[in-house]
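Each remark here refers to the structure printed beneath this line.
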Amino acid sequence: MVPIPLFPIMGGYSIGFLNQFFGIRTHYQMVLTLWCVGNTNTCVFISLLKRHQVVAAIEQKNMLPAPMLKFSQIFSNVLPGALYIEKANIELSKFQKYSSIAAWLSEVKGIAIYDIDVSLNPSFFFLTFGIMSGTFILSTSYAILYTQLYVMLNSIKSKISHKTFKKHSVAIVSTVMQNLVFVIFFVSPIFLLAIVIYTGRDASAACIIMVVIISFHSSVNTLVMCFTFPSFRIAILLFPFRICKNQSRNITIVPPVNNMSGTVQRAKLAVQ
């Protein structure tokens, strides 16, 4: 097994510009990427959890403790934080392990090597284990929440208005579609990466494909929101019209002195 360049386009930008001028290593860029991905998925999960609690409050059933939301927010920030600190002796050990490419590594400044060996890189080992276990826990939580929401909505359908029922249903469908987008655009590249690491072949083409797939996530997720969430769609469609309306609005300012003098003159005429 040999180390592979993760995300070569972003890595090249980091090595060529960020590291050259600001001394920022690829390691910190990877940590930032993990933090953004984790918090993006956490926001979707918290949105679904709040919707679940609104419906649960109507039925007075399946209520969750308040710290659950805080735990979800903290958990998404713990794992990237565990990987943030690099130790010099660990990096030296990894360079010694991959002595066959030591000359290349010495020429490329700012690059980080990730090794799953717990003795060489314990933080990355526990991060990988945490991501795997966290993904399983999150998937199980989604399955439980969706199942409970389906059962609770059917039980309170006769107790709430059709408009309220439709509002909850649309929000649930929207979160389902956003999770599918996440699975397609993040989980599939991870499987591709696992295959590359296992086979030990050249990863350049595979990493470029991964970058292309992940780069489309935000755009596709926005389109999914437009198609599945009416409020978001209306806000996006009306945004240009609101800008034009604000720019074309005429505001007439009456000077207070002239207005006051006119009022005084009208008062004098009324007295006469």
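Taking full-length UniProt numbering, the leading residue of the sequence shown gets 1, the next gets one more, and so forth. Virtual Cβ for every residue (Gly too), placed ideally from N, Cα, C.
- Excluding residues up to 5 positions away in sequence, Ile24 lie with their Cβ nearer than 6 Å to the Cβ of leucine 18 in the same chain.
- Apart from the 5 residues on each side of it in sequence, isoleucine 236 sits with its Cβ closer than 7 Å to the Cβ of Cys226 in its chain, given in chain order.
- Non-local beta-carbon contacts of serine 141 in its own chain, meaning distances under 8 Å to residues more than five positions away in sequence, involve Phe45 in chain order.
- CA-to-CA, the gap between glutamine 20 and threonine 222 works out to about 34 Å.
- Remark: C-beta atoms of isoleucine 58 and isoleucine 160 approach each other more closely than 8 Å.
- Spatial neighbours of phenylalanine 216 in its own chain (CB-CB distance under 8 Å, excluding positions within 5 residues in sequence) are listed in chain order as Phe185.
- Non-local beta-carbon contacts of phenylalanine 165 in its own chain, meaning distances under 6 Å to residues more than five positions away in sequence, involve Lys157 in chain order.
- Pairing isoleucine 131 with isoleucine 137, the inter-Cα distance amounts to about 10 Å.
- The three-state reading of DSSP puts glutamine 53 in helix, counting H, G and I together.
- Taking a C-beta distance under 8 Å as the contact criterion, threonine 228 and leucine 48 do not qualify as a contact pair.
- Taking C-beta separations shorter than 8 Å and ignoring five residues to either side along the sequence, the partners of arginine 233 in its chain run Met225, Cys226, Phe227, following chain order.
- Between serine 169 and leucine 145, the C-beta spacing is not below 8 Å.
- For lysine 166, the enclosing alpha helix (DSSP H) starts and ends at 162-182.
- Relative to the Cα of tyrosine 150, the nearest Cα in the group Gly134, Phe182, His52, His162 belongs to His52.
- DSSP places asparagine 41 within a helical segment (H, G or I) once states are collapsed to three.
- Of the residues Ala56, Lys50, Ile214, Ala205, the one whose Cα lies closest to the Cα of methionine 68 is Lys50.
- Between valine 181 and valine 212, the beta carbon gap of about 15 Å keeps them out of contact (Cβ cut-off 8 Å).
- Rounded to whole angstroms, the gap between the alpha carbons of serine 133 and histidine 162 is 39 Å.
- Looking at the backbone, the Cα of valine 31 and that of serine 155 are separated by about 44 Å.
- Taking the CA atoms as reference points, proline 230 sits about 23 Å from valine 183.
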